[in-house]
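Residue numbers (full-length UniProt numbering): 1 to 190. Think of the CB as a built atom: it goes at the ideal place given N, C-alpha and C, for glycine as much as any other residue. The structure presented is a predicted model; accordingly, all values stated were derived computationally and were not measured.
Dropping the structure here:
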């Protein structure tokens, strides 16, 4: 996704402190998740900048199948810096050797039911491509069994969005275990 598409699709009201903690990536169009199991993201506050923006630690964990070994845990770490464009806009930068790479992303779908003093229970992000991954959309929930209406609302949200509609067509639900089938969201609508 282009920076302007991410800017436009990102929500105007967002509290990064309510997004901290563990998230399960439930739906995505990022092909790298097709052969992985149980992808999660854990956000924690790294620091508050002098101008009020924040930096967030970003830990992505998942299981990948390795020959002769089986399913092994893997992870990718980065730092997300909040941009001044909108409170929901960030730039990811990898840690270690991945420090050379950045990706813009924004929160585009945010839980509007949970009281404002409690953590969000579901969010979705859209993000730009890096050298190692394509652009994409991730739907994340606090549990692997969110209410069905959340999934349906997200599907409808994507259908209604001129920016996300086409990109969301290839979205699928991630696998909870090795033998789970992959289901495409377009096949599960209502």
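In this structure, DSSP gives residue 168 a helical state, which the three-state scheme calls helix. Membership of residue 158 in the alpha helix (DSSP H) is indicated by the continuous run 148 to 160. Using a 10 angstroms sphere on the CB of residue 113, the tally of other CB atoms stays under 16, which defines it as exposed.
When DSSP assignments are scanned along the segment 2 to 76, the uninterrupted stretches of alpha helix (DSSP H) that are 4 or more residues long and fall wholly within it turn out to be 3 to 9. Here residue 12 has 86 as same chain residues with Cβ atoms under 7 Å from its own Cβ, once five neighbours each way along the sequence are excluded.
In the DSSP assignment, residue 104 falls within the unbroken beta strand (DSSP E) covering 102 to 110. By the Cβ rule, the segment 135 to 145 counts as touching the segment 16 to 28, because three or more pairs are nearer than 8 Å. If you check the CB distance, residue 108 and residue 9 come in under 7 Å.
The segment 45 to 52 makes no contact with the segment 146 to 159, as fewer than three CB pairs between them are under 8 Å. Assignment of residue 137 by DSSP, reduced to helix, strand and coil, places it in the strand class. According to the DSSP assignment, residue 89 belongs to the beta strand (DSSP E) that extends over 89 to 94.
When only Cα atoms are considered, residue 118 and residue 167 end up about 31 Å apart.
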